[in-house]
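If you're matching them up, the sequences are chains A and B in order. Residue numbers for the first sequence follow the working numbering, beginning at 2 and rising by one. Residue numbers for the second sequence follow the working numbering, beginning at 2 and rising by one. Glycine included, C-beta positions come from ideal geometry on N, C-alpha and C. Just so you know, these numbers come straight off a predicted model, no measurement behind them. For reference, the structure is listed below as structure tokens.
Number of protein chains: 2
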Amino acid sequence: MAGTLVIVGGGEDRTGDRTVLRRVAELAGGAEARLVVLGTATTVPDDLRATYDKAFGDLAAEVTFLPVATREEANAASTVEAIGRATGVFFTGGDQSRIAAVFGGSDADTALHAAWERGIVVAGTSAGAAMMSTTMILGGGEQVPTTSVRTGPGLGFVSGLVVDMHFAERGRIARLLSLVAMFPHELGLGIDEDTAVVVSGSAFEVIGAGTVTVVDAGRATSVRVPASGDGPIALTGAVVHVLPSGYAFELATREPVITEAPVGTRARERGE
Amino acid sequence: MAGTLVIVGGGEDRTGDRTVLRRVAELAGGAEARLVVLGTATTVPDDLRATYDKAFGDLAAEVTFLPVATREEANAASTVEAIGRATGVFFTGGDQSRIAAVFGGSDADTALHAAWERGIVVAGTSAGAAMMSTTMILGGGEQVPTTSVRTGPGLGFVSGLVVDMHFAERGRIARLLSLVAMFPHELGLGIDEDTAVVVSGSAFEVIGAGTVTVVDAGRATSVRVPASGDGPIALTGAVVHVLPSGYAFELATREPVITEAPVGTRARERGE
């Protein structure tokens with residue numbers, strides 16, 4: 002059975018409670034964890050090496066930062082070996098197209114998929130989150146829903162969903178609505194900063210400070226996508242779920258699941 | 002039967018095709034229209050007087066700009082008379098709480114509701130749009146869905162819906178989702194700039210360049226609203242419609258309606 006994915010919306014806490022990073026380390030074996038942090042997406046690997054060495058330092062047995070900034074490094078035996086003995090891998094933020102171009106299809110990519118099939122944790126934040134699925138967002142207009150959103154193939158750890166990150170912070174729901182209007186087969190996942198989905202089997206759990214917005218156009222009653230990309234899209238009957246920590250989601254049935262004791266009303270939460 | 006409402010998301014074109022303002026003038030009688038532009042919301046009435054005198058100049062028979070900046074002016078006989086003989090009234094943008102505080106409950110307000118019941122057009126943009134309904138948004142966090150959105154009573158030309166404006170441009174869907182999570186009785190209407198809803202009877206039509214996003218939590222399957230306002234809300238099963246020009250919406254049944262020849266697919270629109 003394949004391992005767990007931790008898909009982080011960027012901006013995860015790295016110095017305080019570290020709820021999201023702590024979960025990554027725990028899933029990788031806690032005090033026994035051997036984490037490899039991959040900096041392929043970033044152009045400032047030295048900064049991120051220092052950041053994640055410190056952030057993961059007391060949470061794992063071993064933290065190895067690998068820049069993997071070239072295809073040569075991605076095909077290097079040392080990279081493949083480091084991934085082969087890792088219990089968890091964490092992709093930093095940066096530019097997801099760099100992960101596709103530098104890491105994609107390399108020996109390290111093959112080794113990572115093999116390790117993932119054996120059950121290790123694969124985690125990533127921001128660009129490292131976008132690339133998790135078979136289709137990833139590359140960029141495009143964030144404001145008005147148009148066809149300007151651009152996608153490309155990701156590393157394919159999960160299929161049937163597309164991840165957008167820094168979601169609330171950058172107001173990206175128009176972009177995600179555009180995407181699911183064009184490709185209703187895909188479920189849109191908008192992940193806020195310091196928030197993550199932990200994917201295991203066909204379900205995911207929400208952790209962290211913000212929310213995960215699920216946009217489901219599968220039951221849309223009509224869709225209109227202008228050919229030019231200039232005009233606004235139309236989309237009726239899309240379903241939206243806003244899920245904070247305490248909620249899970251069943252991908253196979255596209256249904257949210259409450260995992261913590263539900264609080265139906267404000268009064269209930271107040272204990273009134 | 003009451004008149005028509007034109008609720009504009011702000012930033013309507015005032016110098017080019019003027020699709021939205023043209024519709025306001027047409028509904029008010031076109032070449033026979035007597036428009037009163039009310040500048041209560043703004044702190045720069047002179048600028049807006051010049052703007053709207055010019056924008057409406059060749060579209061209506063008569064355009065009268067009234068600042069109505071104080072309750073004294075709102076209760077003045079001359080204001081009441083101007084509204085009484087208008088075939089259409091247009092509220093400028095600015096601060097919707099000024100409309101509530103300065104215009105609300107005044108003789109001019111009473112005269113306007115009477116004129117509206119006789120069938121005149123009541124239009125407003127931005128702040129002038131927000132105040133149209135029985136509940137209006139006053140402000141509050143636009144990013145993460147929390148309970149920080151603040152509301153107050155508007156002028157009550159329409160009930161059961163809450164308008165947010167500059168919607169795509171300012172990325173306000175989180176705010177609107179918060180609002181309908183707290184008050185699922187209300188339908189959330191997010192109106193983009195240079196876009197409007199024309200409300201007539203129990204339905205509205207979308208006009209202009211952008212889209213109207215309808216957020217319907219009426220069929221939500223669960224809602225969690227933290228009492229503190231700090232934590233994120235949860236909302237599952239909300240329905241979203243993104244409606245450009247060519248779409249209408251039936252408020253009574255909460256169902257979108259395609260009014261122009263529908264275009265089901267991208268291929269269809271391309272004529273393939």
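- Residues of the segment 151-185 of chain B whose Cβ lies closer than 7 Å to any Cβ of chain A, in chain order: ALA169, GLU170, GLY172, ILE174, ALA175 and LEU178.
- A/HIS242 belongs to the set of residues whose beta carbon lies under 8 Å from a beta carbon in chain B.
- Listed as beta-bridge partners of B/TYR248 by DSSP are B/ILE259.
- Among the residues of chain A, none has a CB under 8 Å from the CB of B/ILE208; the nearest is roughly 12 Å distant.
- In the DSSP assignment, B/LEU177 forms no beta bridge with any residue.
- Identification of residues in the segment 186-206 of chain A having a C-beta nearer than 7 Å to some C-beta of chain B yields ASP193, given in sequence order.
- Along the segment 60-93 of chain B, the beta strand (DSSP E) occurs as fully enclosed runs of 3 or more residues at 63-67 and 89-92, listed in sequence order.
- According to DSSP, B/VAL123 shares a beta bridge with B/LEU6 and B/VAL90.
- The continuous stretches of beta strand (DSSP E) do not include B/ASP48, which lies in the alpha helix (DSSP H) extending over residues 46-58.
- For A/GLY4 against A/ILE84, the beta-carbon gap comes to about 13 Å, at or over 8 Å, which does not count as contact.
- Taking 8 Å as the CB threshold, A/LEU236 lines the interface with chain B.
- Using a Cβ-Cβ cut-off of 8 Å, A/PRO245 counts as an interface residue toward chain B, since at least one Cβ of chain B sits closer than that to its own.
- Of the residues B/GLY161, B/PHE250 and B/ALA109, the one whose Cα lies closest to the Cα of B/GLU73 is B/ALA109.
- Per the C-alpha coordinates, the member of A/THR147, A/PRO154, A/THR126 and A/SER149 positioned closest to A/MET137 is A/PRO154.
- The segment 206-213 of chain A makes no contact with the segment 199-212 of chain B; the number of CB pairs closer than 8 Å stays below 3.
- Taken atom to atom, the span from the alpha-carbon of B/ALA112 to that of B/VAL199 is near 22 Å.
- For A/THR212, at least one C-beta of chain B is nearer than 8 Å to its own C-beta.
- DSSP, reduced to helix, strand and coil, places A/LEU113 within a helical segment of the structure shown.
- For A/LEU39, the uninterrupted beta strand (DSSP E) run begins and ends at 35-39, by DSSP.
- Per DSSP, the continuous beta strand (DSSP E) segment holding A/LEU139 begins and ends at 136-140.
- Annotation for B/ASN76: SER107, ASP108 and ALA109 place their beta carbon closer than 8 Å to its own, counting only its chain and skipping 5 residues before and after.
- Rounded to the nearest whole angstrom, the C-alpha separation of B/VAL37 and B/VAL90 is 5 Å.
- Taking 9 Å as the Cβ-Cβ cut-off, the segment 44-70 of chain B has no residue approaching chain A.
- The closest CA to that of B/ALA182, considering only B/VAL241, B/SER201 and B/MET133, is found on B/VAL241.
- Considering only B/VAL224, B/LEU39, B/ALA239 and B/ALA32, the residue with the shortest C-alpha distance to B/VAL69 is B/LEU39.
- Ranking A/ARG225, A/GLY238 and A/ARG23 by CA distance to the CA of B/GLY219 puts A/GLY238 first.
- Using a Cβ-Cβ cut-off of 8 Å, A/GLY232 counts as an interface residue toward chain B, since at least one Cβ of chain B sits closer than that to its own.
- Following the DSSP letters along the chain, one finds B/VAL21 inside the alpha helix (DSSP H) bounded by residues 20-28.
- Each residue's CA atom was taken as its position, placing B/TYR53 and B/ASP195 some 15 Å apart.
- Counting only Cβ-Cβ distances below 9 Å, A/ALA239 has contacts in chain B at VAL240, VAL241, HIS242 and VAL243, in chain order.
- By the criterion of a C-beta distance shorter than 6 Å, A/ASP165 is surrounded in its chain by ILE138, ARG173, LEU177 and GLY191, once the five residues flanking it on both sides are discounted.
- A direct Cα-to-Cα measurement between A/GLY247 and A/SER149 gives close to 34 Å.
- The shortest C-alpha to C-alpha distance from A/ALA235 to any of B/THR44, B/VAL9, B/PRO245 and B/LEU156 is the one to B/PRO245.
- Rounded to the nearest whole angstrom, the C-alpha separation of A/ASP96 and A/THR44 is 9 Å.
- If you look at B/ALA128, you'll find it in the alpha helix (DSSP H) that goes 128-131.
- When A/GLY30, A/LEU67 and A/ALA32 are compared, the shortest CA-CA separation from A/ASP48 is found for A/LEU67.
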